[in-house]
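Report on the following structure.
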Amino acid sequence: MSAAAPPERYRAISPAEFFYKYREIAGFSNPVRALYQAVRELVENALDATDSHGILPNIKIIIEKADENREFYRVTVEDNGIGLPPHVVPEAFGRVLFSSKYILRQTRGMFGLGAKVAILYGQMTTGRPVEVITSQPNLKRIYYFKLRIDINKNEPIIIERGSWRKNRDWHGTIVSMTLEGDWSRAKQRIKDYILRTAVVTPYANIVFITPDGEIYYYERVIDKLPRPPREVKPHPYGVDLELMKRIRDNGSFSTVKEMLMKSFQGIGNVTASSLLEIAGISPDLNPKSLSDKQLLELVNVMKNYKRFRSPTSEALSPLGEEVIKAGLKRIYEPEFVEAVTRKPSAYQGHPFIVEVGIAYGGKVPLSNDKYPTLLRYANKIPLLYDEGSDVTTDVVKSISWEQYLVKLPAPIIVLVHICSTKVPFKGVGKESIADVKEIRSEVKLAIQEVARKLRAYLSKKLKEEEKKKRVVSLAKYVPEVVRALTIILGDGRGVKAKLLEEKLVEIVSLRTGIPKDEVYKVVKSVEIGV
Amino acid sequence: MAISSVDKYARQKSIEILRKKFASIAKRILEGKRPVLIMPKRVLSNTIYDMKKKLLLLGPEMKRRSLLDVNEARKFMQTLLMASIIYEALVNDEYPTIRDLYYRGKHTISYRDILGRLHHENTWDEQRESDAVIRDIEVFLGVLREEMLILSKEKGKVVGNLVIRSGDDVIDLSKMGHGAYAIEPTPDLIEFKDIDAEFVLVVEKDAVFQQLHRYGFWKKYKAILITSAGQPDRATRRFVRRLSEELKLPIYILTDADPYGWYIYSVFKIGSITLSYESERLATPNAKFIGVSMTDIFGEEEAAKNIKKLTSIFGKDLKNVLSKPRKKPYLSEKERKNYIIKAKKKDVERAVELVGYDVADKLISNPEIKKYIRQRKMGVSGYPWFRTPEWIKEISIFFSKLAKLEIEAMASKGLKFLADTYIPTKIETGDWID
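Protein sequence lines correspond, in order, to chains A and B. Following the numbering used here, the numbering of the first sequence begins with 1 at its first residue and continues without gaps. Following the numbering used here, the numbering of the second sequence begins with 531 at its first residue and continues without gaps.
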């Protein structure tokens, strides 16, 4: 599939030395974490290169042992995404903090930095270079690079490069890197991560081959993609001095008023005028002439202004009810599945959307006896750890599930997805979401909304079961009753046993509303012993 | 062969009624109507004490037992199953006992539930269950089990100057040696041939019956001596009834001085709750309670004290039952000490059921028992036939003394005393409760 992909914007922003500090934060503290983190970074990049650009993803993940004696693993992730222009490949993989993700929209990666940290880690632990194969839909050739990062200079070193003609219409990116890892201890995490990713990407074909030779294949079950996020201007609530300085220095606006109107969402002619009046800045002033002090004043005014419209949610890419349902179905084949995507809401100027799906029965594993099994996602990324400190865990625990006819432990999964231009993560692990009042309330409302549908389903099922149980408790006596009557009345002379049985089945069926053949089934199953 | 023809006639009649009743059920089914058995309710609330006839009778309330009611379906099946077994026995000229019927009908029904799991269910588990079904069939058909030639274990015994015909044999009940004639389950088929007796003494306890028998009590006093060996079965009750009705003999009942003894007497006299549909045939309204009464043990002074406490409930009527001069007890203080048994909580509960909570509450002074009864029996109104002045006088002593006594105690004082003093005196002085 070849989508008309929007052009990406690239910009180098900061020096590379930062990495040493960053390595721990990014999760490369030990071989277990490192292997898991490397897979995550590459898979998330692969998904961002596909579904965000309207392409149904085909993702292949291969982890293989790369050295006989040492714990070196080669991780290869292939996607069918938009690919990269060949001239940016060395920069994109070989210079830290070069990324397309420094713009305001919802993406999986936090800084787009992770993949490069993984490459650096691999290079440091194994000395082996990263290999990249890529092609864009409109290009006629496929490009190949073997790269290394010069850590001191923060520059890519191209070891090998090449290209060949495309003889089929392929586009996408294949990244292979080798790093020191600990597969035996990381494998449960990695399998979990891929399974949970598969839950929210029913529109993707995912193949995963492990070093143990296992192959996991999650086949695409739906052709619908989530709405891709759109790039939006920042909302004035989220403004800070740094951002204002950047706008002032890089923009080309003739007046301050124009700068405000063109740089932010929700600021029109009237709002711009009143903001500047409160800040005591003349609307016709050239923005370049604004002092830092004046900018700060403007920022404060904007932060305290109460009458902005809510931030637009266009930058958000919720999964959508259909995708959540299809995803849960694909993995768990539940007897009940429902989902809801809440209307956009905002906290501290950041728009967010909460989505909840509930799957019940089928192959859904039994939960613990305190609360349902919880699948947490933030911007489509599964959150696997620190479940206990997540606000959604708290909400799920606070709900009295018996009220929804769920008797724990039960085969129930609650999926909670929070998407936002800024997910309020708790701590540096970025594995749990902080207790933000607005988010807590939306999560609760969303779960309750879906749980009500579950209750309706379970209540109906319970009634059906009761009805069927009732039928069994009546129908099981039919043969004995027929036998007794024919003994007293004489089969053949008075009444025919068959006819009596038929009539009794009919009466039971009529009275209980259960179809005749089901009543018959019970009657036929009866054996009268001696 | 008069009996044989009676027997045959009974069979034929029962077969016809069974066929007719169940044909109408089959007809309903074939018409697509739901199968129901309509029969009188056999429960306490539908048991009426007929003050005029002094009998416990079945009330007018009916119950509908439907196959389509989850709570009734099993009973419906059981009723039809039992009816078919009884029917087979009738047409095959058999005389099954209720235990036979229990075994013949007991089998397993296996079936699969909605999930396809196999279940097994017994048609009935205990004989208690199948016995109840037999009683249901009796009221449903309006035919007694004796008329369906269903037998039960013989329990009652009789000796005395009485010649009967049973089957083809003539039996002299004065020539039974140390044994006795076991009252057969179909006492209506007995023919009274010859009698030389002045009264009937029914003894609750088999052991006391044997002692009196060996002592020659019935010869000496021209009595017919019977024991029910505990709760009387239907045959014994019917036999006693026939002695009273057909031979016009006075009937005296001698039981333990405790709530169970009193209830046994009332079953003889007015009928039982479970078999109230049978009372008209089984009860003996003329039966008299000859003892052992509480006043025989404690004297009437004790009763007089109690009755003062009960005037708030019963008014002055009660006072008339105290005779003057007041009766002295048959037992001395020392004998009482030896023979009296302390009443158990269960005994007290049973007594409250007979006479009502209000009476018990006024008379029990033991705080522990008082509290125990309040927690369990508050509001119990008692049976009307025990709330007569005579019985209140009797039971009041039980509550104030919380004591009971077995007939054997009177025999321990001396069999001679029991046979030659106690019983004859009671009869001569008319010292009984009617």
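Even glycine gets a Cβ: it sits at the ideal position worked out from N, Cα and C.
Can you check whether the CB of residue j is closer than 8 Å to the CB of residue i?
i	j	result
A/Gly513	A/Lys463	no
A/Phe336	A/Tyr237	no
B/Glu882	B/Ala890	Per the sequence shown, residue 882 of chain B should be read as Val rather than Glu. Result yes, Cβ atoms of B/Val882 and B/Ala890 sit closer than 8 Å.
B/Lys956	B/Ile837	no
A/Val391	A/Ala434	yes
A/Gly362	A/Pro334	yes
A/Ala471	A/Val508	It is Val, not Ala, that sits at residue 471 of chain A in the sequence shown. Closer than 8 Å, so yes.
B/Gln657	B/Tyr617	no
B/Val730	B/Tyr782	yes
A/Gly54	A/Pro228	yes
B/Leu703	B/Tyr711	yes
A/Val301	A/Ala279	yes
A/Val443	A/Val416	yes
B/Leu526	B/Ser926	Given a span of 531 to 964 for chain B in the structure shown, any question on residue 526 of chain B remains unanswerable.
Looking only at C-alpha atoms, which of the options sits nearest to residue i?
i	options	result
B/Thr785	B/Ala759, B/Tyr807 and B/Leu777	B/Ala759
A/Arg128	A/Ile119, A/Thr134 and A/Ser184	A/Ile119
B/Thr716	B/Trp748, B/Leu679 and B/Pro815	B/Leu679
B/Val770	B/Glu618, B/Leu681, B/Val732 and B/Phe739	B/Val732
A/Ala497	B/Lys550, B/Phe606 and B/Leu560	B/Leu560
B/Ile578	B/Glu677, B/Pro590, B/Lys875 and B/Gln542	B/Pro590
B/Ile628	B/Ile694, B/Asp661, B/Ala603 and B/Arg880	B/Asp661
B/Ser895	B/Lys876, B/Asp877 and B/Ser930	B/Ser930
A/Asn154	A/Lys116, A/Leu179 and A/Lys191	A/Lys116
A/Leu84	A/Ser135, A/Ser52 and A/Ser400	A/Ser135
B/Asp599	A/Gly490, A/Glu501 and A/Lys476	A/Lys476
B/Arg917	B/Lys867, B/Asp877 and B/Gly845	B/Gly845
A/Ile324	A/Phe28, A/Val414 and A/Gly349	A/Val414
A/Arg342	A/Leu445, A/Leu405 and A/Ser291	A/Leu445
A/Ser398	A/Gln448, A/His350, A/Thr421 and A/Lys245	A/Gln448
Output, in chain order, the set of chain B residues within a Cβ distance shorter than 9 Å of residue i.
i	result
A/Glu527	Thr638, Ile639, Ser640 and Tyr641
A/Leu500	Ala556, Ile559 and Leu560
A/Gly506	The question names Gly, but residue 506 of chain A is Glu in the sequence shown. The answer, in chain order, is Gly562.
A/Ala497	The premise fails here: A/Ala497 is roughly 11 Å from chain B at the closest Cβ pair, so nothing lies under 9 Å.
Decide if residue i is buried, meaning its Cβ has at least 16 other Cβ atoms within 10 Å, or exposed.
i	result
B/His967	The displayed coordinates of chain B run from 531 to 964. Any statement about residue 967 of chain B would go beyond what the structure contains.
B/Gly944	exposed
A/Leu366	exposed
B/Leu645	exposed
B/Met908	exposed
B/Gln542	exposed
A/Glu160	exposed
B/Ile953	buried
A/Pro6	No answer about A/Pro6 holds up, because its pLDDT of 47 lies below 50 and its placement is not dependable.
A/Ile215	exposed
A/Trp164	exposed
B/Arg744	exposed
B/Asp888	buried
B/Ala949	buried
A/Ile13	Only weak support exists for where A/Ile13 lies, its pLDDT of 38 falling under 50; the value from the coordinates is given anyway. Exposed, by the Cβ-count rule.
A/Ala16	With a pLDDT of 49 at A/Ala16, under the threshold of 50, the predicted position of this residue should be treated as unreliable, and no value is reported.
A/Asp249	exposed
For residue i, return the contacting residues in chain B, with the cut-off set at a CB-CB distance below 8 Å.
i	result
A/Glu480	Met607, Leu610, Leu611, Ile639 and Thr653
A/Ala410	Simply none; closest approach about 18 Å.
A/Arg511	Arg564 and Leu598
A/Lys233	By Cβ distance, chain B contributes nothing, its closest Cβ being about 60 Å from A/Lys233, past 8 Å.
Note down, in chain order, every chain A residue with its Cβ under 9 Å from the Cβ of residue i.
i	result
B/Val673	Under the 9 Å cutoff, chain A gives no residues; its nearest Cβ is about 14 Å from B/Val673.
B/Ile871	Chain A residues near B/Ile871: none, gap ~48 Å exceeds 9 Å.
Using a C-beta to C-beta distance shorter than 8 Å, which residues of chain D count as neighbours of residue i?
i	result
B/Tyr632	Judged by its chain identifiers, the structure shown contains no chain D, and its protein chains are A and B.
Starting from residue i, find everything on chain B with Cβ-Cβ shorter than 7 Å and list it in chain order.
i	result
A/Leu462	Ordered by position in chain B, no residue passes the 7 Å Cβ test against A/Leu462, which lies about 13 Å from the chain.
Run down chain A in chain order and give the residues with a C-beta less than 8 Å from the C-beta of residue i.
i	result
B/Tyr617	Ile487 and Ile488
Could you tell me whether the stretch 662-679 of chain B touches the stretch 805-815 of chain B, using the rule of 3 or more Cβ pairs below 8 Å?
yes
Stretch-stretch touch, CB-based, cutoff 8 Å, three pairs: the stretch 70-84 of chain A with the stretch 40-50 of chain A:
yes
Can you confirm whether the stretch 166-179 of chain A touches the stretch 145-155 of chain A when touching is taken to mean that 3 or more C-beta pairs between the two stretches lie within less than 8 Å?
no
Cβ pair count under 8 Å reaching 3, the stretch 182-196 of chain A against the stretch 79-96 of chain A:
no
Taking 8 Å as the cut-off, does the stretch 595-608 of chain B touch the stretch 695-714 of chain B (at least 3 CB pairs, one atom from each stretch)?
no
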